[in-house]
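In what follows, a single structure is set out as structure tokens and then discussed.
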Amino acid sequence: MLTRYAGKLPERDIRRVYAETVGKFNSDAMLYCEENWQPADAPHTVDARGMSDGTLRFLAILTALLTRPEKSLLIIEEIDNGLHPSRANMLLEMLQTVGKQRSIDVLATTHNPALLDAMGTEMIAFITVAHRDSKTGHSVLTLLEDMKRLPALLAQGTTGHLSSRGLIERSLQRSLDFEGLSEFGNA
Numbered sequence: 000m001l002t003r004y005a006g007k008l009p010e011r012d013i014r015r016v017y018a019e020t021v022g023k024f025n026s027d028a029m030l031y032c033e034e035n036w037q038p039a040d041a042p043h044t045v046d047a048r049g050m051s052d053g054t055l056r057f058l059a060i061l062t063a064l065l066t067r068p069e070k071s072l073l074i075i076e077e078i079d080n081g082l083h084p085s086r087a088n089m090l091l092e093m094l095q096t097v098g099k100q101r102s103i104d105v106l107a108t109t110h111n112p113a114l115l116d117a118m119g120t121e122m123i124a125f126i127t128v129a130h131r132d133s134k135t136g137h138s139v140l141t142l143l144e145d146m147k148r149l150p151a152l153l154a155q156g157t158t159g160h161l162s163s164r165g166l167i168e169r170s171l172q173r174s175l176d177f178e179g180l181s182e183f184g185n186a
């Protein structure tokens, strides 16, 4: 499974991803990746020290999905940290496919517009926005689909575009400010 998904990364022809024990007591492990840069050449092996942070993070997320007990929850903060934005679709597809196969729910945070765009409108029901209440300073979690102005916002662009321009947060803040004013007016 590691090799199958690593082979989709834009590096050249990844043939195999594997781990071997290392160290004097063989109690540690090193991750290796065999790549073919030229078809006639022998495979080139790279260990984890030579892999990019994004590749290692991607493989770590996949490893976590593959090793968690079935029907469990995996929580990942800043899931796409270090990943190139062009990998957002592949990351999302991997999370959905492997998560579904193993009955693992994934809760992840992101600030990445590319990942939000990869989610498309069909996943809006699964997006929650964390923001601050301007009066109390408390953190508030709001389901994106519960926003009153969501249709008008989506008419302006994709979820990633709206997020990167701060439109979602501004809309939520206006809604909270308006609710506070209407409560004050009824007092």
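Quick note on numbering that gives the first Met the number 0: the sequence shown kicks off at 0 and runs consecutively.
Beta carbons: idealized from backbone N, C-alpha and C, even for Gly.
| Item | Value |
| --- | --- |
| I want to know whether the stretch 29-43 touches the stretch 73-81 - three or more CB-CB distances under 8 angstroms. | no |
| Taking the beta carbon of Y17 as the centre, do at least 16 other beta carbons fall within 10 Å, making it buried, or is it exposed? | exposed |
| Roughly how many angstroms separate the alpha carbons of R173 and A151, rounded to a whole number? | 14 angstroms |
| Which same chain residues, not among the five before or five after M0, have their C-beta less than 8 angstroms away from its C-beta? | L61, L65, V97 |
| List the residues that DSSP assigns as beta-bridge partners of A117. | According to DSSP, which records beta bridges pairwise, A117 is partnered with nothing at all. |
| If you draw a straight line from the alpha carbon of A129 to that of R3, how long is it in whole angstroms? | 34 angstroms |
| Does DSSP put L106 in a helix, in a strand, or in coil? | strand |
| Assign E76 to one of three DSSP states: helix, strand, or coil. | coil |
| Give the range of the beta strand (DSSP E) segment to which D46 is assigned. | 43-46 |
| Assuming contact is defined by CB atoms lying nearer than 9 angstroms, are F57 and L90 in contact in what I supplied? | yes |
| With DSSP run on the structure shown, which of helix, strand or coil describes D132? | coil |
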